[in-house]
Amino acid sequence: MIGIYYEHPHWFGPLFAELDRRGTPYTKLHAEQHRFDPGSAPPYDLVFNRMSPSAWQRGHGNAVFYTQQFLAHLERHGVRVINGTRAFQAETSKALQLSILRELGLPRELIPSTAAAGDLRERRCRAPRPCNAEMAAARNDGNLGL
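Okay, so the sequence shown: first residue is 118 according to my numbering, each after it adds one.
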């Protein structure tokens, strides 16, 4: 069985329509309404994760954190997950996205001078490289991309 794990109610209408047209069996797994039993094996062979980090803008912010637990549960049980825990972790962390870009060898001048901070009240720029601007504070949830 294929599970389509999603959050936005309208973005997946075309996918669901095409799966229906082809007669492909699947289960809709709406993130905000989803529940699972951590002590039971999931019934899916494949889960396609399309949870959106911008869910908090639609009142579904808790589902972002819940998704990480659900994906880990699926993977522990050997379910193939497209956009699994590693991909979702990168999608939800600006700091990790920038680290990955550095690891890929992008020229330093193309990557913003960045410092991760635990307290956004600190506005002075303390990035690893000198900068002449006030720190631009952004949530580290991946929502606004790079």
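Ideal Cβ placement from N, Cα and C applies to all residues, glycine included. Source: prediction; values computed, not measured.
Check whether T202 and L213 have beta carbons under 8 Å apart: no
Per-residue burial, F182 [other beta carbons within 10 Å of its own, 16 or more giving buried]: exposed
Length at least 4, wholly inside the stretch 187–223: the alpha helix (DSSP H) runs in chain order: If only complete runs of 4 or more residues are kept, the stretch 187–223 shows the alpha helix (DSSP H) at 202–208, 211–220, in order along the chain.
contact_flag[the stretch 119–128, the stretch 137–148] where n(CB pairs < 8 Å) is 3 or more: yes
Cβ shell of A253 (< 6 Å), same chain only, five flanking positions each side left out: Any reading at A253 is ruled out, since the residue's pLDDT is 49, under 50, leaving its predicted position unreliable.
Q206 versus E192: straight-line alpha-carbon distance, rounded: Their backbone Cα atoms lie some 14 Å apart in a straight line.
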